[in-house]
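Below is one structure; the comments refer to it alone.
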Amino acid sequence: MEGGAHGFDGSAFRECFSLSWRNPYVLRLAFSAGIGGLLFGYDTGVISGALLYIRDDFRSVDKNTWLQEMIVSMAVAGAIIGAAVGGWANDRFGRRTSILVADLLFFAGAVVMASATGPVQLVVGRVFVGLGVGMASMTAPLYISEASPARIRGALVSTNGFLITGGQFLSYLINLAFTKAPGTWRWMLGVAGLPAVFQFVLMLFLPESPRWLYRKGRVEEAEAILRKIYMAEEEVTREMQELKESVEAEARERGSSERVSLTALVKTPTVRRALVAGVGLQVFQQLVGINTVMYYSPSIVQLAGFASNQTALALSLVTSGLNALGSIVSIYFIDRTGRRKLLVISLVGVIASLALLSAVFHETTTHSPAVGSAETRHFDGSLTCPDYRTSSSGWDCTRCLKASSTECGFCASGAGSKLLSGACLLSNATVRDACHGEGRLWYTRGCPSRYGWLAMVGLALYIAFFSPGMGTVPWIVNSEIYPLRHRGVCGGVAATANWVSNLVVAQSFLTLTEAIGPAWTFLIFGCLSVAALAFVLVCVPETKGLPIEEVEKMLEKRDLRLKFWAPRGRASKNDGL
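Per full-length UniProt numbering, residue 1 is the first one in the sequence shown, and the count goes up by one each step.
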């Protein structure tokens, strides 16, 4: 194993499973804390389907793209605050207490959203949920990391990533289950309160992180927990010695970590290098566009030419399932392949997938079905789109949906193929029902296309490559790269950077697709993915198999290698940065 800290000759994946028989206590800690990841995933994924039905219930939401983006992104804004406060709370009150507070926020947000009478209450509920998500996003992997043996730490932290994607997959299943139920989106959003209560009860009976306890002077408590985590006495002794060395190093520094400023941290070479890698990974995780897929997946499917809400949700379930499957793949490879290699492979696939999506949406928007005058006259003249009445020459579906004077929709051909000429009509419930009444498809967000299936292939490939690498590795790296004495604060900075980037993407995606089209939007994400690949190659160290305390020693030596494929023993002296 790299670093030489532990003799380990099997994969961490197999070791993780065998641990359930030899020491189930560690898995109990990991999976109990990991429910926070499930809640994180559910609350970020559920809005994508709920939004389709919220638009149907609230006309003001349906008319305003910015209001849709606000309902989605206010959870992200809350998460920014939650992550920032979570860093301080983790150091001051402990990891366990922070998880309990996050559960209370999840539950409160679910209740407020399920009982919403208008967009304002929905936004308030989303802020509460966001606060919980922000705290859980950094606290759950931190708790798992500090309560895990080093040899399987990556695999166990990956279970948190799996539960995040599992929560997103569950949200799509719940969305589908309630599409025909009265109240649709209220059930979708309210269900999140149940796992929050379950985790709250479980965490009441679990201990605090042993590393946090040791740092607070509660040495006997920390040692007692470590004896439950490690089965061999020599492992406990070594872990206690490493904790002692870390705390003594902290005592030699000026001031305590509670009072140290971010400026002082940045001036410390070890912390600065860790922050560059950790914060950079969190920012690029969002800038490659993942949450456009998770927040707006059904809307993207509709842009690709699939009209109905149910079809959009069903197809989105495929991408969400691949996301969860990718997390399982990550658990297997993370401690075998290494963090850095997994990131590189992931980003290469993401770049190729985004290039495919950009090309497909370009073809979709430039080759949409024509608007036929006969097809339009088939309906009552008062239902015709006003802009089309003014100038009907050269119109197609794409132009119809972009009509400037009022909202218009495209009623596809009833002649057996949706790709033939259709009608451009006013967009309202009456016209939609009239179109459906003749067995035709009604489009308001995307146009019929023969390339729709290829867009789904592109989305599936994007998720399949993103999830095992960029989906889980940034959280794992951030849970193990910072010095113990600054881990809570640095983790809060990184998580906050993640959510700020998330907010930018969530609040701009629908606006970008309207302004420049989905093809150019995905091309922008592709260019950002190229920048992310360059960043990983230059700035991210390999932490595979290293005990948390040895990661700090590695950073002190500036051991960041450009030749990510080379074994540590063969790396050139010039590889360090």
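Cβ coordinates follow ideal geometry from the N, Cα and C atoms, glycine included.
Once the 5 residues before and after residue i are set aside, which same chain residues still bring their CB inside 8 Å of it?
{"i": "residue 28", "result": "206"}
{"i": "residue 168", "result": "41, 42, 44, 45, 294, 320, 323, 324"}
{"i": "residue 138", "result": "83, 86, 87, 90, 478, 491, 492, 494, 495"}
{"i": "residue 525", "result": "287, 288, 289, 292, 354"}
{"i": "residue 270", "result": "483, 552, 555, 556"}
{"i": "residue 204", "result": "100"}
What is the rounded straight-line gap between the Cα of residue i and the Cα of residue j?
{"i": "residue 218", "j": "residue 488", "result": "18 Å"}
{"i": "residue 503", "j": "residue 49", "result": "19 Å"}
{"i": "residue 95", "j": "residue 469", "result": "26 Å"}
{"i": "residue 200", "j": "residue 333", "result": "31 Å"}
{"i": "residue 141", "j": "residue 361", "result": "37 Å"}
{"i": "residue 471", "j": "residue 501", "result": "15 Å"}
{"i": "residue 247", "j": "residue 485", "result": "7 Å"}
{"i": "residue 390", "j": "residue 72", "result": "36 Å"}
{"i": "residue 350", "j": "residue 224", "result": "45 Å"}
{"i": "residue 210", "j": "residue 54", "result": "45 Å"}
{"i": "residue 352", "j": "residue 366", "result": "22 Å"}
{"i": "residue 560", "j": "residue 545", "result": "Low per-residue confidence applies at residue 560: pLDDT is 48, beneath 50, and the placement is therefore not dependable enough to give any value."}
{"i": "residue 296", "j": "residue 232", "result": "49 Å"}
{"i": "residue 547", "j": "residue 409", "result": "59 Å"}
{"i": "residue 216", "j": "residue 36", "result": "25 Å"}
{"i": "residue 453", "j": "residue 506", "result": "25 Å"}
{"i": "residue 340", "j": "residue 388", "result": "54 Å"}
{"i": "residue 143", "j": "residue 30", "result": "8 Å"}
{"i": "residue 581", "j": "residue 98", "result": "Residue 581 is absent from the structure shown; the chain starts at 1 and stops at 577."}
{"i": "residue 178", "j": "residue 316", "result": "15 Å"}
{"i": "residue 463", "j": "residue 220", "result": "45 Å"}
{"i": "residue 612", "j": "residue 537", "result": "Not covered by the structure: residue 612. The range shown for the chain is 1 to 577."}
{"i": "residue 437", "j": "residue 173", "result": "29 Å"}
{"i": "residue 359", "j": "residue 529", "result": "16 Å"}
{"i": "residue 117", "j": "residue 480", "result": "44 Å"}
{"i": "residue 448", "j": "residue 93", "result": "55 Å"}
{"i": "residue 153", "j": "residue 80", "result": "26 Å"}
{"i": "residue 601", "j": "residue 148", "result": "In the structure as shown, the chain begins at 1 and stops at 577. Residue 601 is therefore absent and cannot be evaluated."}
Quick check on residue i: does DSSP put it in helix, strand or coil?
{"i": "residue 451", "result": "coil"}
{"i": "residue 384", "result": "strand"}
{"i": "residue 423", "result": "strand"}
{"i": "residue 231", "result": "coil"}
{"i": "residue 267", "result": "helix"}
{"i": "residue 418", "result": "coil"}
{"i": "residue 319", "result": "helix"}
{"i": "residue 552", "result": "helix"}
{"i": "residue 63", "result": "helix"}
{"i": "residue 24", "result": "helix"}
{"i": "residue 487", "result": "helix"}
{"i": "residue 334", "result": "coil"}
{"i": "residue 37", "result": "helix"}
{"i": "residue 146", "result": "helix"}
{"i": "residue 206", "result": "coil"}
{"i": "residue 542", "result": "coil"}
{"i": "residue 481", "result": "coil"}
To which residues of the same chain is residue i closer than 6 Å at the C-beta, ignoring the five residues directly before and after it?
{"i": "residue 383", "result": "425, 426, 431"}
{"i": "residue 309", "result": "52"}
{"i": "residue 75", "result": "126, 129, 130"}
{"i": "residue 160", "result": "34, 37, 140, 141, 144"}
{"i": "residue 213", "result": "221, 222"}
{"i": "residue 186", "result": "114"}
{"i": "residue 522", "result": "354, 357, 358"}
State the CB to CB distance for the pair residue i and residue j, rounded to an integer number of angstroms; the pair is presumed to be in contact (CB under 8 Å).
{"i": "residue 305", "j": "residue 446", "result": "5 Å"}
{"i": "residue 539", "j": "residue 280", "result": "6 Å"}
{"i": "residue 131", "j": "residue 183", "result": "In fact, because the Cβ distance is near 25 Å, the residues do not count as touching under 8 Å."}
{"i": "residue 106", "j": "residue 129", "result": "6 Å"}
{"i": "residue 70", "j": "residue 190", "result": "Incorrect: roughly 20 Å between the Cβ atoms, too far for contact."}
{"i": "residue 459", "j": "residue 229", "result": "40 Å between Cβ atoms; not a contact."}
{"i": "residue 642", "j": "residue 156", "result": "The shown model of the chain, from 1 to 577, leaves out residue 642, and the question about it has no answer."}
{"i": "residue 192", "j": "residue 110", "result": "4 Å"}
{"i": "residue 581", "j": "residue 119", "result": "Here the chain has residues from 1 to 577 only, and residue 581 is not among them."}
{"i": "residue 283", "j": "residue 498", "result": "7 Å"}
Pull up the DSSP beta-bridge partners for residue i, would you.
{"i": "residue 442", "result": "411"}
{"i": "residue 396", "result": "370"}
Only counting the same chain, and skipping five residues up and downstream in sequence, which positions put a Cβ closer than 7 Å to that of residue i?
{"i": "residue 396", "result": "368, 369, 370, 371"}
{"i": "residue 302", "result": "312, 445, 446"}
{"i": "residue 450", "result": "419"}
{"i": "residue 394", "result": "none"}
{"i": "residue 375", "result": "413, 421, 422, 423"}
{"i": "residue 386", "result": "405, 406"}
{"i": "residue 345", "result": "469"}
{"i": "residue 392", "result": "373"}
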